[in-house]
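These notes concern the structure reproduced below.
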Amino acid sequence: MNIIRGKVPHAKKITCYGPEGIGKSTFANQFPNPIFIDTEGSTKEIDAARFERPTSWTMLLEQIKYVHDHPEICRTLVVDTIDWAEQMCVEHICASHQKSGLESFGYGAGYVYVREEFGRFLNRLEDIVERGVNVVLTAHAMLRKFEQPDEMGAYDRWELKLGKKTSSQTSPLIKEWSDALLFANYKTWSVAVDDKGKKRKAQGGARVMYTSHNPCWDAKNRYDLSEEVPFDYSSIKHIIEPAAGSQQSDQKQSHACAQPEKPDTASSAPAQD
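All residue numbers for the sequence shown refer to this note's numbering, where the first residue is 407 and numbers rise by one.
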């Protein structure tokens, strides 16, 4: 039995979400040698490699299988966007069971079918990661009313635009699966425009990326990133493309204790007269 110590080099699983038009596709295109599965046709103005736009859930799975069988064609697979892919999954489930919608299943069974199918989808992406290919998922963001169960009041927070109903469970699957869940947004602040401070206006607009959980958004990372970084690939390049040689030094394998070397009897023997 070999015991592996230290960090283990591996391909990364990244999910990036934010409001429309902020540049999620452009951000994903900066990853090493990416190829897109463009579910919504939003990469036409980007100089990128892409599959033909999938028209069904089955076609999307076939494209994923092709990357799995031919990992040499890219170093990063981008699914842009995952919320449009979720709609394909829902349509596939409804068509397979001859239902007009998920509510037609009754007792929330439709959402269970979607969760199970989406789980198998993530397992296929995990297999691609095992082949050494990074996987990047992009998604739109939406504001949703959130209420803490143990406190009074409610507030708005940014979440993945997955599952319009609370019975949908695809969003937690994505969060658990991801090595890093990154929220991109425009950073704005208000400033007073009069002496009394009653009138204010918004300023700013710089694009930033949040990497840690906040009451106002979902985010996480396993790489000790700063809570707020510029929305640019260079902010996370060091975790996607670690320096050459550092991967080998991070991974150490324990072995059985080596036997002590025997002394050189010839050199240690007393000199003969």
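We treat Cβ as the ideally placed atom computed from N, Cα and C, and that holds for glycine.
All values reported here derive from a predicted model rather than from experimental measurement.
Handout entry: For Arg563, three-class secondary structure by DSSP
Key = Locating residue 563 in the sequence shown gives position 157, counting from the first residue. Arg563 falls in the strand class under three-state DSSP.
Problem - Own chain residues within Cβ distance below 6 Å of Ile488, not counting five before or after - result: Here the question's residue 488 lines up with position 82 in the sequence shown. Closer than 6 Å at Cβ, skipping near neighbours: Leu543 and Ala545.
Problem - Where the alpha helix (DSSP H) containing Ala515 begins and where it ends - result: Along the sequence shown, read from residue 1 onward, the residue named residue 515 stands at position 109. That run of the alpha helix (DSSP H) goes Ala515 to Glu536.
Problem - CB of Leu568 within 8 Å of CB of Glu633, strictly - result: Position 162 of the sequence shown, counted from the start, is the residue given in the question as residue 568. Position 227 of the sequence shown, counted from the start, is the residue given in the question as residue 633. With contacts defined as CB atoms closer than 8 Å, Leu568 and Glu633 fail to qualify as a contacting pair.
Problem - Cys622 - DSSP class collapsed to helix/strand/coil - result: Residue mapping note: residue 622 aligns to position 216 of the sequence shown, counting from 1. Cys622 falls in the coil class under three-state DSSP.
Handout entry: Pairwise C-alpha distance: Glu536 and Ile409
Key = The count along the sequence shown starts at 1 and reaches residue 409 at position 3. The count along the sequence shown starts at 1 and reaches residue 536 at position 130. Taking the straight line from one Cα to the other gives about 19 Å.
Practice task
Out of Gly412, Trp623, Asp453 and Glu426, point me to the one whose CA is closest to Lys551's CA.
Solution key: Here the question's residue 551 lines up with position 145 in the sequence shown. Closest in C-alpha terms to Lys551, from the list Gly412, Trp623, Asp453 and Glu426, comes Trp623.
Exercise for the section: Go through its chain and collect everything with a Cβ distance to Phe637's Cβ below 6 Å, but skip five positions before and after it. Expected result: As a position in the sequence shown, residue 637 is number 231, starting the count at 1. Correct list, in chain order: Ala590, Arg613, Val614 and Met615.
Handout entry: Proximity below 8 Å, CB of Ile452 to CB of Asn540
Key = As a first step, residue 452 is located in the sequence shown; it is residue number 46 there, counting from the start. As a first step, residue 540 is located in the sequence shown; it is residue number 134 there, counting from the start. In this structure, Asn540 does not lie closer than 8 Å to Ile452 by Cβ.
Practice task
With DSSP as the reference, label Ile420 as helix, strand or coil.
Solution key: Position 14 of the sequence shown, counted from the first residue, corresponds to residue 420. DSSP places Ile420 in the strand class (E or B) of the three-state scheme.
Exercise for the section: Whole angstroms is fine: what's the gap from Arg412's alpha carbon to Glu553's? Expected result: As a working mapping, residue 412 is identified with position 6 in the sequence shown. As a working mapping, residue 553 is identified with position 147 in the sequence shown. It should be noted that the sequence gives Gly, not Arg, for residue 412. If you take the alpha carbons of Gly412 and Glu553, they lie about 40 Å apart.
Handout entry: Buried versus exposed call for Thr576 [16 or more other C-beta atoms within 10 Å across all chains shown]
Key = On the sequence shown, residue 576 is found 170 positions in, with the first residue counted as 1. Buried, since its Cβ has 16 or more Cβ neighbours within 10 Å.
Problem - Alpha-carbon to alpha-carbon, Pro621 and Asp562 - result: On the sequence shown, residue 562 is found 156 positions in, with the first residue counted as 1. On the sequence shown, residue 621 is found 215 positions in, with the first residue counted as 1. Approximately 9 Å between the Cα atoms of the pair.
Handout entry: Beta carbon of Ala417 nearer than 8 Å to that of Gly525
Key = Position 11 of the sequence shown, counted from the start, is the residue given in the question as residue 417. Position 119 of the sequence shown, counted from the start, is the residue given in the question as residue 525. The answer is no: Cβ separation not under 8 Å.
Problem - Delimiting residues of the beta strand (DSSP E) encompassing Met548 - result: Numbered from its first residue, the sequence shown carries residue 548 at position 142. Boundaries of the beta strand (DSSP E) around Met548: Asn540 to Phe552.
Exercise for the section: Jot down the residue ranges of each uninterrupted beta strand (DSSP E) in the segment 455-514, minimum 3 residues, whole runs only, in chain order. Expected result: Taking only runs of at least 3 residues, the beta strand (DSSP E) segments lying wholly in the segment 455-514 are 482-486.
Practice task
Grab me the residues of Asp533's own chain with a C-beta within less than 8 Å of its C-beta, minus the 5 sequence neighbours each way, in chain order.
Solution key: By 1-based counting over the sequence shown, the position of residue 533 is 127. Excluding sequence neighbours, Asp533 sits near His474.
Problem - Among Leu467, Thr617 and Pro415, the one whose alpha carbon lies nearest that of Leu531 - result: The count along the sequence shown starts at 1 and reaches residue 531 at position 125. Its Cα nearest to that of Leu531, the residue Leu467 stands out among Leu467, Thr617 and Pro415.
Exercise for the section: Give the DSSP-derived three-state secondary structure of Ala677 in the structure shown. Expected result: The residue given as residue 677 occupies position 271 in the sequence shown. Note on Ala677: pLDDT 45, under 50, position unreliable in the model; no value is reported.
Handout entry: Element boundaries [beta strand (DSSP E), containing Glu634]
Key = Numbered from 1 along the sequence shown, position 228 holds the residue referred to as residue 634. Glu634 -> beta strand (DSSP E) spans Glu634 to Pro636.
Practice task
Note down the Cα distance separating Trp583 from Lys419, rounded to an integer number of angstroms.
Solution key: Locating residue 583 in the sequence shown gives position 177, counting from the first residue. Locating residue 419 in the sequence shown gives position 13, counting from the first residue. Counting only the Cα atoms, Lys419 lies some 8 Å from Trp583.
Practice task
Please report how far the alpha carbon of Ala662 lies from the alpha carbon of Met407, in whole angstroms.
Solution key: Reading the sequence shown from its first residue, position 256 is the one you call residue 662. Reading the sequence shown from its first residue, position 1 is the one you call residue 407. Bear in mind that the predicted position of Ala662 carries a pLDDT of just 39, short of 50, making it unreliable; the figure below should be weighed with that in mind. In a straight line, the C-alpha of Ala662 is about 10 Å away from that of Met407.
Exercise for the section: Go ahead and pull the three-state DSSP assignment for Pro578. Expected result: As a first step, residue 578 is located in the sequence shown; it is residue number 172 there, counting from the start. The answer is helix: DSSP assigns Pro578 an H, G or I state.
Problem - Reduced DSSP category for Tyr629 - H, G, I as helix; E, B as strand; rest coil - result: On the sequence shown, residue 629 is found 223 positions in, with the first residue counted as 1. Three-state result, Tyr629: coil.
Handout entry: Proximity to Phe437 [Cα-Cα], best of Val485, Trp564 and Ala547
Key = Stepping through the sequence shown from its first residue, residue 437 is reached at position 31. Per the Cα distances, Val485.
Problem - Glu680 to Leu528 span [Cα, whole Å] - result: Since the first and last residues shown for the chain are 407 and 679, residue 680 lies out of range.
Exercise for the section: Leaving aside the five residues before and after Ile499 along the sequence, list all residues of the same chain whose C-beta is less than 7 Å from its C-beta, in chain order. Expected result: By 1-based counting over the sequence shown, the position of residue 499 is 93. Closer than 7 Å at the Cβ level, and outside the excluded window around Ile499, lie Gly516, Tyr519, Val520 and Glu523.
Problem - Own chain partners of Ala434 with C-beta closer than 8 Å, once the 5 adjacent residues on each side are dropped - result: Counting from one through the sequence shown, the residue named residue 434 turns up at place 28. Sequence-distant Cβ neighbours of Ala434 in its own chain, meaning closer than 8 Å and more than five residues away, are Cys422, Pro440, Phe442, Thr482, Val484, Asp486, Val542 and Thr544.
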